[in-house]
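A.B. asks:
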Amino acid sequence: MTQRATTLWTFAITSIALFMVSLDNLVVPTAIPVIRADLGASLESLEWTVNAYTLTFAVLLLTGAALGDRFGRRRVFSLGVGVFSAGSIAAALAPSVEALNVARALQGLGGAVVMPLTLTILSAAVPPERRGLALGAWGGIGGLAIAFGPLVGGAVVQGFSWQWIFWLNVPIGLLLVPMALSRLQETHGPQGRLDLPGVGLASAGLFGVVWGLVRGNGQGWASPEITVALAAGLVLLAAFVVWERRAPSPMLPLRFFRNAAFSLANIASLLMFFGMFGSIFLLTQFFQTVQGYSPLGSGLRILPWTLAPMFIAPLAGAMSDRIGPKRILGVGLVL
Numbered sequence: 001m002t003q004r005a006t007t008l009w010t011f012a013i014t015s016i017a018l019f020m021v022s023l024d025n026l027v028v029p030t031a032i033p034v035i036r037a038d039l040g041a042s043l044e045s046l047e048w049t050v051n052a053y054t055l056t057f058a059v060l061l062l063t064g065a066a067l068g069d070r071f072g073r074r075r076v077f078s079l080g081v082g083v084f085s086a087g088s089i090a091a092a093l094a095p096s097v098e099a100l101n102v103a104r105a106l107q108g109l110g111g112a113v114v115m116p117l118t119l120t121i122l123s124a125a126v127p128p129e130r131r132g133l134a135l136g137a138w139g140g141i142g143g144l145a146i147a148f149g150p151l152v153g154g155a156v157v158q159g160f161s162w163q164w165i166f167w168l169n170v171p172i173g174l175l176l177v178p179m180a181l182s183r184l185q186e187t188h189g190p191q192g193r194l195d196l197p198g199v200g201l202a203s204a205g206l207f208g209v210v211w212g213l214v215r216g217n218g219q220g221w222a223s224p225e226i227t228v229a230l231a232a233g234l235v236l237l238a239a240f241v242v243w244e245r246r247a248p249s250p251m252l253p254l255r256f257f258r259n260a261a262f263s264l265a266n267i268a269s270l271l272m273f274f275g276m277f278g279s280i281f282l283l284t285q286f287f288q289t290v291q292g293y294s295p296l297g298s299g300l301r302i303l304p305w306t307l308a309p310m311f312i313a314p315l316a317g318a319m320s321d322r323i324g325p326k327r328i329l330g331v332g333l334v335l
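Numbering (full-length UniProt numbering), first residue to last: 1 to 335.
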């Protein structure tokens, strides 16, 4: 294939995978009231239908990227898509909320591998002078999933059943795996060795922090479980930073954070996702349980809020090539 064809195939495959994983984050909260009625589950247990995915995704996100750098991004990406698809099948067939939550954790594992590798695979395939535009379009695809996630979830649940929000992923995954293996170029990270101590410290530290945040409201922020989880997580993350400064092959080179644009972009992303994904769960419950709207009606009312990123992300990516990312991120945070 020509370089142009390779780039187009890479963009198509990574964008479809990104859309699938991102969409799944937002279709599930819309279906929670229906799942609750069908499985006879409590709202607290169904919070873990969302949290099981979030926990495994957050804990293993750095690990997924590191595994791709070490063993080959194409290979690990394809494996991640397969795991995510298997989790989707298990979720669709789940006979109880407990089985559903386990399946959601499996989806989170696959998503943690797929999400970062879509970015690194695409970045490696695009020339530097076009990278901003490509990554802006990549962000636009993610914005498209965010925009239509609640709407798609509501339409599928109302028109078919909640199981179909998971079945939708299966044919996409079955197509993506052979496409990735045949069309993507294999690339590796600059480090030849896997930073096992770094992987362990980061995963354990993130688990403690995310567990504390997820459980804090229900258990009480001053409860021993939460204080121990948060304290242990922060200590382990501090140990991770110390290790990464001395490691011969660090999983996350800390020199990246000397770049103000890199640091600001990560802070902006954290704030955006922290506010958006937390609010989606509450809004869907409010519209359906309190206001009495159908799943589709709930999705339509969330659409104006989630639609904006689809239009803004490609424009912001193109502008970053011209004026740099700092001003764009600053304006975005203010808005």
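Ideal Cβ placement from N, Cα and C applies to all residues, glycine included. Everything numeric in this text was worked out from a predicted model, so none of it was measured.
In this structure, does DSSP put P248 in helix, strand or coil?
C.D. replies: By 1-based counting over the sequence shown, the position of residue 248 is 248. Three-state DSSP puts P248 in coil, outside helix and strand.
A.B. asks: Determine contact between the region 192–210 and the region 64–74, defined as no fewer than three beta-carbon pairs at a distance below 8 Å.
C.D. replies: Yes, the region 192–210 is in contact with the region 64–74.
A.B. asks: Does the region 46–63 come into contact with the region 101–119, if we say contact requires no fewer than three beta-carbon pairs (one atom in each stretch) closer than 8 Å?
C.D. replies: Flag = yes, the region 46–63 and the region 101–119 touch.
A.B. asks: Determine the extent of the alpha helix (DSSP H) in which P171 is found, giving its start and end residues.
C.D. replies: Reading the sequence shown from its first residue, position 171 is the one you call residue 171. P171 -> alpha helix (DSSP H) spans 169–183.
A.B. asks: Can you name, in chain order, every residue of its own chain whose Cβ lies under 7 Å from the Cβ of P116, other than the five neighbours on each side?
C.D. replies: Along the sequence shown, read from residue 1 onward, the residue named residue 116 stands at position 116. Within the same chain, P116 has close Cβ partners L61, G64, A65.
A.B. asks: Give me the Cα-Cα distance between P224 and G189, rounded to the nearest whole angstrom.
C.D. replies: Counted from its first residue, the sequence shown places residue 224 at position 224. Counted from its first residue, the sequence shown places residue 189 at position 189. Cα-Cα distance, rounded: 41 Å.
A.B. asks: So, helix, strand or coil for S298, using DSSP?
C.D. replies: Locating residue 298 in the sequence shown gives position 298, where the first residue counts as 1. Looking at S298 - three-state DSSP - the assignment turns out to be helix.
A.B. asks: Taking the straight line between their C-alpha atoms, what separation do you get for S45 and L230?
C.D. replies: Sequence index remark: in the sequence shown, residue 45 carries index 45 (1-based). Sequence index remark: in the sequence shown, residue 230 carries index 230 (1-based). Cα-Cα distance, rounded: 22 Å.
A.B. asks: State yes or no: is the C-beta of A184 within less than 9 Å of the C-beta of F77?
C.D. replies: Numbered from 1 along the sequence shown, position 184 holds the residue referred to as residue 184. Numbered from 1 along the sequence shown, position 77 holds the residue referred to as residue 77. According to the sequence displayed, residue 184 carries Leu and not Ala. Taking 9 Å as the Cβ cut-off, L184 and F77 qualify as a contacting pair.
A.B. asks: Sorted by chain position, which residues of the same chain lie with C-beta nearer than 7 Å to P248's C-beta, five sequence neighbours on each side aside?
C.D. replies: For the purposes of this step, residue 248 is identified with residue 248 of the sequence shown, where counting begins at 1. No residues qualify anywhere along the chain.
A.B. asks: Buried or exposed: where does W221 fall if 16 or more other Cβ atoms within 10 Å of its Cβ makes it buried?
C.D. replies: Taking the first residue of the sequence shown as 1, we reach residue 221 at position 221. Classification for W221: exposed.
A.B. asks: Any C-beta of chain B sitting closer than 9 Å to the C-beta of R327?
C.D. replies: You won't find chain B in this structure, because it holds only one protein chain.
A.B. asks: Determine the closest residue to I312 out of L234, L133, Q219, with distance taken between C-alpha atoms.
C.D. replies: Here residue 312 corresponds to residue number 312 of the sequence shown, with the count starting at 1. I312 has its Cα closest to that of L133, out of L234, L133, Q219.
A.B. asks: Rank I280, F287, L264, F148 by C-alpha distance to the C-alpha of R327 and give the top, closest one.
C.D. replies: Taking the sequence shown and counting its residues from 1, the one referred to as residue 327 is at position 327. Selected option, being the one with the closest Cα: L264.
A.B. asks: Taking the alpha-carbon positions, what's the V157 to V34 distance?
C.D. replies: Against the sequence shown, residue 157 aligns to sequence position 157. Against the sequence shown, residue 34 aligns to sequence position 34. Their backbone Cα atoms lie some 8 Å apart in a straight line.
A.B. asks: Should E244 go down as buried or exposed, given a rule of 16 or more other Cβ atoms within 10 Å for buried?
C.D. replies: Within the sequence shown, the letter at position 244 stands for residue 244. Buried, by the Cβ-count rule.
A.B. asks: Please report the distance separating the alpha-carbon of T187 from that of V114.
C.D. replies: Counting from 1 along the sequence shown, the entry for residue 187 is found at position 187. Counting from 1 along the sequence shown, the entry for residue 114 is found at position 114. When rounded, the distance between both Cα atoms is 15 Å.
A.B. asks: To the nearest angstrom, how far is it from the Cα of F257 to the Cα of L23?
C.D. replies: In the sequence shown, the residue the question calls residue 257 occupies position 257. In the sequence shown, the residue the question calls residue 23 occupies position 23. Each residue's alpha carbon lies about 30 Å from the other.
A.B. asks: Could you check how far apart the C-beta atoms of W138 and L119 are, in whole angstroms? I think they sit under 8 Å.
C.D. replies: Walking along the sequence shown from the start, residue 138 turns up at place 138. Walking along the sequence shown from the start, residue 119 turns up at place 119. 7 Å between Cβ atoms; contact.
A.B. asks: Going by other Cβ atoms of all chains shown within 10 Å of its Cβ, with 16 needed for buried, is V290 buried or exposed?
C.D. replies: Here residue 290 corresponds to residue number 290 of the sequence shown, with the count starting at 1. It is exposed - the Cβ of V290 has fewer than 16 other Cβ atoms within 10 Å.
A.B. asks: Should P29 be labelled buried (16 or more other beta-carbon atoms within 10 Å of its own) or exposed?
C.D. replies: Position 29 of the sequence shown, counting from 1, holds the residue named residue 29. Result: buried.
A.B. asks: May I ask you to report which of helix, strand or coil DSSP gives R104?
C.D. replies: Reading the sequence shown from its first residue, position 104 is the one you call residue 104. DSSP places R104 in helix when its eight states are reduced to three.
A.B. asks: Can you tell me the Cβ-Cβ gap for V170 and I89, rounded? I've got them flagged as a contact below 8 Å.
C.D. replies: For this step, residue 170 is matched to residue 170 along the sequence shown. For this step, residue 89 is matched to residue 89 along the sequence shown. 6 Å between Cβ atoms; contact.
A.B. asks: Rounded to whole angstroms, what is the Cα-Cα separation between S298 and S279?
C.D. replies: The count along the sequence shown starts at 1 and reaches residue 298 at position 298. The count along the sequence shown starts at 1 and reaches residue 279 at position 279. Rounded to the nearest angstrom, the two C-alpha atoms are 13 Å apart.
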